[in-house]
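Number of protein chains: 2
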Amino acid sequence: MDIEAARAMSDADYETAIAMPRTDPAADASTLDLKIWVRLLGCAKLIEKTLRRNFEVHFATTLPRFDILATLARNVDGLRMGELSRALLVSNGNVTSIVRQLQEQGLVHSAKAPDDARSAVVRLTPAGEEVFSELAQAHRHWVREAMKDFPEDQQRQLLELLVQLRSSLS
Amino acid sequence: MDIEAARAMSDADYETAIAMPRTDPAADASTLDLKIWVRLLGCAKLIEKTLRRNFEVHFATTLPRFDILATLARNVDGLRMGELSRALLVSNGNVTSIVRQLQEQGLVHSAKAPDDARSAVVRLTPAGEEVFSELAQAHRHWVREAMKDFPEDQQRQLLELLVQLRSSLS
DNA sequence: GTTATTTGCTTTAGGCCTAAAGCAAATAAG
DNA sequence: CTTATTTGCTTTAGGCCTAAAGCAAATAAC
Chain A
1 MDIEAARAMS DADYETAIAM PRTDPAADAS TLDLKIWVRL LGCAKLIEKT
51 LRRNFEVHFA TTLPRFDILA TLARNVDGLR MGELSRALLV SNGNVTSIVR
101 QLQEQGLVHS AKAPDDARSA VVRLTPAGEE VFSELAQAHR HWVREAMKDF
151 PEDQQRQLLE LLVQLRSSLS
Chain B
1 MDIEAARAMS DADYETAIAM PRTDPAADAS TLDLKIWVRL LGCAKLIEKT
51 LRRNFEVHFA TTLPRFDILA TLARNVDGLR MGELSRALLV SNGNVTSIVR
101 QLQEQGLVHS AKAPDDARSA VVRLTPAGEE VFSELAQAHR HWVREAMKDF
151 PEDQQRQLLE LLVQLRSSLS
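Just so you know, the protein sequences line up as chains A and B, in that order. According to the numbering used here, the stretch in the first sequence is residues 1 to 170, in order. According to the numbering used here, the stretch in the second sequence is residues 1 to 170, in order.
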């Protein structure tokens with residue numbers, strides 16, 4: 001295989017590989033879910049890649065940190081670590097370290113939970129709100145830019161289907 | 001916010017946060033792409049989570065390793081490192097280390113490229129083909145299981161839209 | 001033919017992520 | 001009240017991932 005052929009290789013080939021063997025006469029139907037999974041992951045990876053790069057270049061920060069700021073921005077009364085990790089679909093230990101970094105940067109602040117000495121309630125600081133506001137604006141712009149060639153009515157259909165997929169996954 | 005409320009918090013809230021401020025009268029249209037991105041990422045993370053867990057528990061391996069085996073299975077003539085990294089949308093250095101592990105496990109084998117002394121062509125070994133075949137079967141089953149409650153006709157629509165999204169991202 | 005640039009890959013430093021172990025507070029059982 | 005279990009979180013070990021630096025082969029410029 002030459003370089004050009006490799007460049008052209010993409011999700012479709014990967015998906016063929018993981019769906020092998022193709023001897024099933026109803027192969028199309030039988031690999032539908034696999035195809036969806038491969039495409040889903042490919043699209044997510046592509047978008048995530050540009051966002052990560054942009055966060056790094058323009059703000060010297062990362063997508064996971066932004067995710068935490070965004071979740072806290074939505075919950076002005078603060079959240080506990082466990083609430084954060086459930087909201088972001090990541091592990092407890094993961095949230096621990098990222099929140100610590102944000103705390104060192106003065107963007108979040110954590111106070112003892114009044115009802116449970118094991119927990120702390122994490123909130124955005126005023127500085128955190130300000131930084132988040134800038135980040136969110138840029139983030140909105142980058143996502144828009146990434147999807148600008150995808151027609152709006154198809155966007156609506158896609159969103160509806162993704163919402164249904166999400167609920168059927170749980 | 002109590003624990004129950006936090007449990008119920010999901011993509012929708014996160015998406016509201018990153019789309020703030022909501023003062024735009026055409027807010028729905030203006031945040032459509034953002035909503036898609038959030039849902040896309042959420043669905044991908046959920047599925048990836050179960051796959052990773054399954055690969056770990058049942059085969060003591062990982063999704064990235066499977067991805068490389070699958071790509072090589074599709075390309076029986078072998079691929080160079082750069083071709084692999086482009087196919088998988090990951091960096092060169094990343095592929096280097098994962099291929100080394102697979103090599104240590106005897107699942108892949110790399111030979112000097114005949115035309116370029118800087119490159120090596122990586123192929124599945126017979127053992128690698130066998131292992132991949134087992135992994136692929138399990139993987140197929142897990143993905144099917146994850147999407148079993150998502151109706152087939154909606155799967156077809158979703159796949160079509162994802163294909164279009166993917167092509168409009170490039 | 002010699003030098004400069006480009007290309008393919010590896011290495012390194014550092015961030016993200018998980019599972020599992022560990023710790024302390026909260027709660028349940030007796 | 002005392003002990004046992006559960007719960008919330010942190011720590012640790014280890015895998016994935018990137019960007020950037022580094023190296024050697026290939027190619028271009030001269």
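Note that the Cβ used here is the ideal one computed from N, Cα and C, for glycine as well. As the structure is a prediction and not an experimental result, all values here were calculated from the model.
task = Report all residues from its chain with a CB closer than 7 Å to the CB of residue 50 of chain A; omit the five preceding and five following residues, and keep chain order.
result = Taking the first residue of the first sequence as 1, we reach residue 50 of chain A at position 50. If the five residues before and after residue 50 of chain A are omitted, its C-beta is found closer than 7 Å to the C-beta atoms of 142 and 146, all from its own chain and listed in chain order.
ask   = What does residue 147 of chain A reach in chain B if we use C-beta pairs closer than 8 Å?
value = The sequence position of residue 147 of chain A within the first sequence is 147, counting from 1. Within 8 Å Cβ-Cβ: 33, 36, 37, 165, 168 and 169.
query = Is DSSP giving residue 148 of chain A helix, strand or coil here?
reply = Position 148 of the first sequence, counting from 1, holds the residue named residue 148 of chain A. Three-state result, residue 148 of chain A: coil.
query = When the cut-off is 8 Å and only beta carbons count, does residue 42 of chain A lie next to chain B?
reply = Residue 42 of chain A sits at position 42 when you count from the first residue of the first sequence. Taking Cβ atoms only, chain B reaches closer than 8 Å to residue 42 of chain A, which makes this a yes.
key: Cα-Cα separation, residue 81 of chain A to residue 122 of chain A   = Against the first sequence, residue 81 of chain A aligns to sequence position 81. Against the first sequence, residue 122 of chain A aligns to sequence position 122. For residue 81 of chain A and residue 122 of chain A, the distance between alpha carbons rounds to 7 Å.
query = Which chain A residues are close to residue 45 of chain B, counting only those with a beta carbon under 7 Å from its beta carbon?
reply = What you label residue 45 of chain B is simply residue 45 of the second sequence in a count that begins at 1. In chain order: 89.
query = Touch check for the stretch 148-159 of chain B and the stretch 31-44 of chain A: three-plus C-beta pairs under 8 Å?
reply = Counting Cβ pairs under 8 Å, three or more are found: they touch.
message = Taking 8 Å as the threshold (beta carbon to beta carbon), is residue 157 of chain B in contact with chain A?
response = For the purposes of this step, residue 157 of chain B is taken as residue 157 along the second sequence, with counting starting at 1. Residue 157 of chain B counts as touching chain A.
ask   = Who are the Cβ neighbours of residue 98 of chain A in its own chain at under 8 Å, not counting the five residues just before and after it?
value = Here residue 98 of chain A refers to the residue found at position 98 of the first sequence. Answer for residue 98 of chain A: 64, 65 and 68, listed in chain order.
task = Using a Cβ cut-off of 8 Å (strictly closer), state whether residue 175 of chain A contacts chain B.
result = Residue coverage of chain A in this structure runs from 1 to 170, which leaves residue 175 of chain A outside it and unanswerable.
ask   = Using 8 Å as the limit for Cβ to Cβ distance, is residue 53 of chain A near chain B?
value = Locating residue 53 of chain A in the first sequence gives position 53, counting from the first residue. Chain B contact via Cβ: absent.
ask   = Is residue 80 of chain A helix, strand or coil when you go by DSSP?
value = Indexing the first sequence from 1 puts residue 80 of chain A at position 80. Reduced to three states, the DSSP call for residue 80 of chain A is strand.
message = Please identify, using Cβ separations under 7 Å, the residues of the stretch 97-116 of chain A that lie next to chain B, in order along the chain.
response = Hits within the stretch: zero.
message = Checking 8 Å against the spacing of the C-beta atoms, do residue 111 of chain A and residue 71 of chain B come in under that value?
response = Your numbering for residue 111 of chain A matches position 111 in the first sequence. Your numbering for residue 71 of chain B matches position 71 in the second sequence. Not in contact: residue 111 of chain A and residue 71 of chain B (Cβ atoms no closer than 8 Å).
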